[in-house]
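Everything below concerns the one structure shown next.
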Amino acid sequence: MSSSLTAREVCQRLREAALGVLALKVCEGPDATGLINVDIDGWRLLLDFADQRLHHCEYACSPEGHEGALESWQRYGTDPVSLLSTWELAQVERLLVADR
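If you use numbering that gives the first Met the number 0, the sequence shown closes out at 99, no skipped numbers anywhere.
This is the structure:
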């Protein structure tokens, strides 16, 4: 891992997708465990999305190759999804459902 992404950096990509600034594209999923791969302007995210609800972000990789993962974010008591407002979360969930 060249550099670790913070939960705030990843949250910002989700926020920009919710606001329509960046496009969110579902690449694959959800699989049997509810994980879904998405692309947001070259950022690759692995999201836990089950029962039409976004629970957390498992992994993220920026276009530059910087990575972040749930286990490192949880050490600091948060993950990118928990930093979203209620409205932003609802928008991202809507995008995930609409793009499948």
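Cβ coordinates follow ideal geometry from the N, Cα and C atoms, glycine included. In this text, all values refer to a predicted model and were calculated from it rather than measured experimentally.
Nearest-angstrom Cα separation, counted from residue j out to residue i
i: aspartate 38; j: tyrosine 75; result: 25 angstroms
i: valine 9; j: histidine 55; result: 11 angstroms
i: threonine 85; j: glutamate 92; result: 11 angstroms
i: glycine 28; j: leucine 44; result: 12 angstroms
i: arginine 111; j: arginine 52; result: Since the first residue of the chain shown is 0 and the last is 99, residue 111 is not available in this structure.
i: glutamate 57; j: lysine 24; result: 17 angstroms
i: valine 80; j: alanine 89; result: 11 angstroms
i: valine 96; j: alanine 17; result: 13 angstroms
i: aspartate 47; j: valine 20; result: 22 angstroms
Which of helix, strand or coil DSSP assigns to residue i
i: leucine 88; result: helix
i: leucine 94; result: helix
i: valine 20; result: coil
i: leucine 34; result: strand
i: arginine 7; result: helix
Requested in this report: May I have a chain-ordered list of the beta strand (DSSP E) segments no shorter than 3 residues that lie completely inside the region 41 to 68?
Outcome: Fully enclosed beta strand (DSSP E) runs of 3 or longer: 42 to 49, 52 to 60, 66 to 68.
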